[in-house]
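Chemist: Just dropping this structure here.
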Amino acid sequence: MAAAVMPAELPAQPPGCNYYAFKGHNVTALNWTSSRLCPGGGVMLVETMNDDCKLFQLIVSLVVIGAMCGLGLVGNVLSMITLQKDNVHTVTTFLLSSLCVADISFILPAMTVIMLPSYCQYFQHCPIGLRQNLPFVEQFGWAVVSFCHSCTVYMTVLVAVHRYFFVCRPHDCHRLSGLARARRQAIAIPIASLLFNLPRLFEYKVRIMRIRDFDTNTTFIETFKTLTSFADNPWFQVIYKSVLYCAVMFVIPLCLLVMLSVRLLRSLYQRRVSGTKNQSAGGESRERRHKRRDDNITLVLVIIIGVFVVCQAPMLAQRLLLATSTDDDAHKCGHAYFYVEQTANLCAVLNSCVNFAIYFLFAGRFRQTLLTEVLHCKGRTQGSTLTEMEQRNGTQRSRCYDDDSKHRLVDASVTTQTMQTGDVAVAPLLEPQLENKATSTEGLDAF
Numbered sequence: 002m003a004a005a006v007m008p009a010e011l012p013a014q015p016p017g018c019n020y021y022a023f024k025g026h027n028v029t030a031l032n033w034t035s036s037r038l039c040p041g042g043g044v045m046l047v048e049t050m051n052d053d054c055k056l057f058q059l060i061v062s063l064v065v066i067g068a069m070c071g072l073g074l075v076g077n078v079l080s081m082i083t084l085q086k087d088n089v090h091t092v093t094t095f096l097l098s099s100l101c102v103a104d105i106s107f108i109l110p111a112m113t114v115i116m117l118p119s120y121c122q123y124f125q126h127c128p129i130g131l132r133q134n135l136p137f138v139e140q141f142g143w144a145v146v147s148f149c150h151s152c153t154v155y156m157t158v159l160v161a162v163h164r165y166f167f168v169c170r171p172h173d174c175h176r177l178s179g180l181a182r183a184r185r186q187a188i189a190i191p192i193a194s195l196l197f198n199l200p201r202l203f204e205y206k207v208r209i210m211r212i213r214d215f216d217t218n219t220t221f222i223e224t225f226k227t228l229t230s231f232a233d234n235p236w237f238q239v240i241y242k243s244v245l246y247c248a249v250m251f252v253i254p255l256c257l258l259v260m261l262s263v264r265l266l267r268s269l270y271q272r273r274v275s276g277t278k279n280q281s282a283g284g285e286s287r288e289r290r291h292k293r294r295d296d297n298i299t300l301v302l303v304i305i306i307g308v309f310v311v312c313q314a315p316m317l318a319q320r321l322l323l324a325t326s327t328d329d330d331a332h333k334c335g336h337a338y339f340y341v342e343q344t345a346n347l348c349a350v351l352n353s354c355v356n357f358a359i360y361f362l363f364a365g366r367f368r369q370t371l372l373t374e375v376l377h378c379k380g381r382t383q384g385s386t387l388t389e390m391e392q393r394n395g396t397q398r399s400r401c402y403d404d405d406s407k408h409r410l411v412d413a414s415v416t417t418q419t420m421q422t423g424d425v426a427v428a429p430l431l432e433p434q435l436e437n438k439a440t441s442t443e444g445l446d447a448f
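Take the sequence shown: its letters are residues 2 to 448, numbered as in this note's numbering.
This is the structure we're talking about:
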């Protein structure tokens, strides 16, 4: 492990320690993974990476995360295209599309601040122009990553909340959950995330320093990312980065998601038990088939929530370790925090890349639409979309969605008056009914 060397025969350096001598010619800013402010505004650099840790970080940050980011970008784009094939623009379709946008916006900056430093640090080589500019990228890059992560977190919460109203409180669905309301909430999330993460923009600064190599008796310039005096304040570290950040980014959303998931699973279980009893008494009716499709949508969303909770756990552990640690060297290679931090980065990226696989594995209609309408694979579809099948049968299920800020509810008991357009009968939407005894559904055709 290299160390800062100050030979005794050289004149003493001015206070502030922003002029250092390092033994070894190939010294770059990326060799040094820790920096501390010195009296007078200087910087003391401490190397904390040995070769084994650099290799571990390279495998996790460059190889594994890089592969996940590539697959995640493709998967999220395909998910957006497939969801847009939905004939009826429902709340769930819109929110899942918005979640895809949030995931893409998180993956792109995460690739920059996680993969590039790992590559440069291990190979001691950066692409042309990046070596001196990488600290400037990291200065604001982590703030952007934190902002996009906040959007991803609360977009997932928004999906869960709307699904809860749809499944557990269907009679209030048209009043509390609608497309126009969901659009306003989706716009409010990035605005609130920007305000919350605004202090992160002032967390780091870049210092330009002269480095002296005593072996070659040369001096060269390096750039380093260091904490600002604002971020080095104990109040900022304790109140904002420890208490507020943990509460807003982890405790509150995780508690909400766990509570909503339990209620959704309980509702699914009750409906499955009820459906089994009804099916044993007679054949499977059209209404029970509709409920089964609704349950499948709910199950897919519960799986997404479960994956999200599991992926956020290492990040919460990282924050708790950072907040409770009293050892200044706790972040160094070989300590638990180093490996927890790498695992947290891996899980955060995984959470934004895995939703496409969940849709494909557990949502049959999504898979069918993707293969036939998006990828144009040969083969006959299993059937028309849910809306078309209902319209051919002359009945429309009760739906709960908001079209152009006007709540409309179609009662399942009303026979539709259809206009024949080719093979598909188009059913007119009715105005809200005073009484609705049928189970509401959003009619997510993409699933």
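We put the CB at the ideal spot given by N, CA and C, even for glycine. Owing to the predicted nature of the structure, the values given are computational and were not obtained by experimental measurement.
Relative to the C-alpha of Ser147, which residue among Leu202, Ala183, Leu135, Pro136 is closest?
Modeler: Position 146 of the sequence shown, counted from the first residue, corresponds to residue 147. Comparing Cα-Cα distances from Ser147 to each of Leu202, Ala183, Leu135, Pro136, the minimum goes to Leu202.
Chemist: So Arg185 packs on Cys247, CB below 8 angstroms; how close in whole Å?
Modeler: For the purposes of this step, residue 185 is taken as residue 184 along the sequence shown, with counting starting at 1. For the purposes of this step, residue 247 is taken as residue 246 along the sequence shown, with counting starting at 1. With a Cβ gap of about 28 angstroms, Arg185 and Cys247 do not count as contacting.
Chemist: Determine, using beta carbons only, whether Gly73 and Asp104 come nearer to each other than 8 angstroms.
Modeler: For the purposes of this step, residue 73 is identified with residue 72 of the sequence shown, where counting begins at 1. For the purposes of this step, residue 104 is identified with residue 103 of the sequence shown, where counting begins at 1. It is a contact, given that the beta carbons lie within the stated cut-off.
Chemist: Thinking C-alpha only, which one of Gln238, His336, Val350, Leu371 is nearest Val64?
Modeler: Your numbering for residue 64 matches position 63 in the sequence shown. Val64 has its Cα closest to that of Val350, out of Gln238, His336, Val350, Leu371.
Chemist: Does the beta-carbon distance from Phe309 to Thr157 come in below 8 angstroms?
Modeler: As a working mapping, residue 309 is identified with position 308 in the sequence shown. As a working mapping, residue 157 is identified with position 156 in the sequence shown. In this structure, Thr157 lies closer than 8 angstroms to Phe309 by Cβ.
Chemist: Taking the DSSP output, what are the residues bridged to Phe251?
Modeler: As a first step, residue 251 must be located in the sequence shown, where it is residue number 250. DSSP, once it has assigned bridges, lists no residue as partnering Phe251.
Chemist: Less than 8 angstroms between the CB atoms is what I'm expecting for Ala161 and Ile306, so what's the real figure, rounded?
Modeler: The residue you call residue 161 lines up with position 160 of the sequence shown. The residue you call residue 306 lines up with position 305 of the sequence shown. Yes, Ala161 and Ile306 are in contact; Cβ-Cβ is about 6 angstroms, under 8 angstroms.
Chemist: Pick from Gln238, Val249, Leu257, Thr299: whose alpha carbon is nearest that of Arg267?
Modeler: Residue 267 sits at position 266 when you count from the first residue of the sequence shown. The shortest Cα separation from Arg267 among Gln238, Val249, Leu257, Thr299 belongs to Thr299.
Chemist: State the Cα-Cα distance for the pair Asp296 and Leu269, rounded to the nearest angstrom.
Modeler: Residue mapping note: residue 296 aligns to position 295 of the sequence shown, counting from 1. Residue mapping note: residue 269 aligns to position 268 of the sequence shown, counting from 1. The alpha-carbon atoms of Asp296 and Leu269 are separated by roughly 6 angstroms.
Chemist: What residues match up with Leu228 in a beta bridge as DSSP calls it?
Modeler: Position 227 of the sequence shown holds residue 228. BP columns for Leu228 point to Tyr205.
Chemist: Count the CB pairs spanning the region 160-179 and the region 109-123 that are closer than 8 angstroms, and state whether there are at least three.
Modeler: With the cut-off at 8 angstroms, the region 160-179 and the region 109-123 do not touch.
Chemist: Ignore the nearest five residues each way along the sequence and tell me which others in Leu177's own chain have a CB closer than 8 angstroms to its CB.
Modeler: Start at 1 with the first residue of the sequence shown, and residue 177 comes out as number 176. Hits under 8 angstroms: Phe166, Arg170.
Chemist: Just curious, the alpha helix (DSSP H) that Gln125 is in, first and last residue?
Modeler: Here residue 125 refers to the residue found at position 124 when the sequence shown is read from its first residue. Looking at the DSSP string, Gln125 is not in any alpha helix (DSSP H), and its letter there is neither H nor E.
Chemist: Would Val301 and Ile209 qualify as a contact pair, given that the criterion is a beta-carbon distance under 8 angstroms?
Modeler: Here the question's residue 301 lines up with position 300 in the sequence shown. Here the question's residue 209 lines up with position 208 in the sequence shown. The answer is no: Cβ separation not under 8 angstroms.
Chemist: Excluding the 5 residues flanking Ser194 on each side, which residues of the same chain have their C-beta closer than 6 angstroms to its C-beta?
Modeler: In the sequence shown, counting from the first residue as 1, residue 194 sits at position 193. Counting only Cβ-Cβ distances below 6 angstroms, and skipping sequence neighbours, we find Phe148, Ser151, Cys152.
Chemist: Could you give the DSSP three-state label for Val6: helix, strand or coil?
Modeler: Indexing the sequence shown from 1 puts residue 6 at position 5. Below a pLDDT of 50, predicted positions are generally treated as unreliable, and Val6, at 38, falls in that range; no measurement from the model is reported.
Chemist: If you draw a straight line from the alpha carbon of Ile253 to that of Val311, how long is it in whole angstroms?
Modeler: Reading the sequence shown from its first residue, position 252 is the one you call residue 253. Reading the sequence shown from its first residue, position 310 is the one you call residue 311. Approximately 15 angstroms between the Cα atoms of the pair.
Chemist: Within 10 angstroms of the Cβ of Ser98, are there 16 or more other Cβ atoms? Answer buried if so, exposed if not.
Modeler: Indexing the sequence shown from 1 puts residue 98 at position 97. So Ser98 ends up on the buried side.
Chemist: Out of Gln133, Val92, Val249, Val102, point me to the one whose CA is closest to His175's CA.
Modeler: Your numbering for residue 175 matches position 174 in the sequence shown. Of the listed residues, the one whose Cα sits closest to His175 is Val92.
Chemist: Are the Cβ atoms of Val459 and Leu265 separated by less than 8 angstroms?
Modeler: Examination of residue 459 is not possible in this model, given that the chain is present from 2 through 448 alone.
Chemist: Are the Cβ atoms of Leu109 and Leu131 separated by less than 8 angstroms?
Modeler: Against the sequence shown, residue 109 aligns to sequence position 108. Against the sequence shown, residue 131 aligns to sequence position 130. Against a cut-off of 8 angstroms, the Cβ pair of Leu131 and Leu109 comes out as no contact.
Chemist: Around the C-beta of Ile66, are 16 or more other C-beta atoms found within 10 angstroms, so that it is buried, or is it exposed?
Modeler: Here the question's residue 66 lines up with position 65 in the sequence shown. With 16 or more Cβ atoms within 10 Å of its Cβ, Ile66 is classed as buried.
Chemist: With C-beta atoms as the reference, is Val263 less than 8 angstroms away from Ile82?
Modeler: The residue given as residue 263 occupies position 262 in the sequence shown. The residue given as residue 82 occupies position 81 in the sequence shown. Not in contact: Val263 and Ile82 (Cβ atoms no closer than 8 angstroms).
Chemist: Using the beta-carbon count (16 or more within 10 Å), is Trp143 buried or exposed?
Modeler: Walking along the sequence shown from the start, residue 143 turns up at place 142. With 16 or more other Cβ atoms within 10 Å, it is buried.
Chemist: Mark Met250 as exposed unless 16 or more other C-beta atoms lie within 10 angstroms of its C-beta, in which case mark it buried.
Modeler: Within the sequence shown, the letter at position 249 stands for residue 250. Buried, by the Cβ-count rule.
Chemist: Within 10 angstroms of the Cβ of Val355, are there 16 or more other Cβ atoms? Answer buried if so, exposed if not.
Modeler: Here the question's residue 355 lines up with position 354 in the sequence shown. Val355 should be labelled buried.
Chemist: May I ask you to report which of helix, strand or coil DSSP gives Ala193?
Modeler: As a first step, residue 193 must be located in the sequence shown, where it is residue number 192. It is helical.
Chemist: I need the straight-line Cα distance from Thr417 to His172, nearest angstrom please.
Modeler: Within the sequence shown, the letter at position 416 stands for residue 417. Within the sequence shown, the letter at position 171 stands for residue 172. Reliability fails at Thr417, whose pLDDT of 38 lies under 50, so the model's placement of it is uncertain and the value that follows must be treated cautiously. About 22 angstroms.
Chemist: Would you say Thr224 and Lys206 are within 8 angstroms of each other, going by their C-beta atoms?
Modeler: By 1-based counting over the sequence shown, the position of residue 224 is 223. By 1-based counting over the sequence shown, the position of residue 206 is 205. Not in contact: Thr224 and Lys206 (Cβ atoms no closer than 8 angstroms).
Chemist: May I ask which residues mark the beginning and end of the alpha helix (DSSP H) holding His175?
Modeler: To locate residue 175, count along the sequence shown from 1; it is residue 174. From DSSP, the alpha helix (DSSP H) with His175 extends over 174-177.
Chemist: Under a three-way DSSP split, which group does Ser147 fall into?
Modeler: Working through the sequence shown from its first residue, we reach residue 147 at position 146. It is helical.
Chemist: Which same chain residues end up closer than 6 angstroms to Asn346 when comparing Cβ atoms and leaving out the 5 residues on each side of it in sequence?
Modeler: Taking the first residue of the sequence shown as position 1, residue 346 is located at position 345. The residues are Ile115.
Chemist: Buried or exposed for Val154, going by 16 or more other Cβ atoms inside 10 Å?
Modeler: On the sequence shown, position 153 is the one that residue 154 refers to. Burial call: buried.
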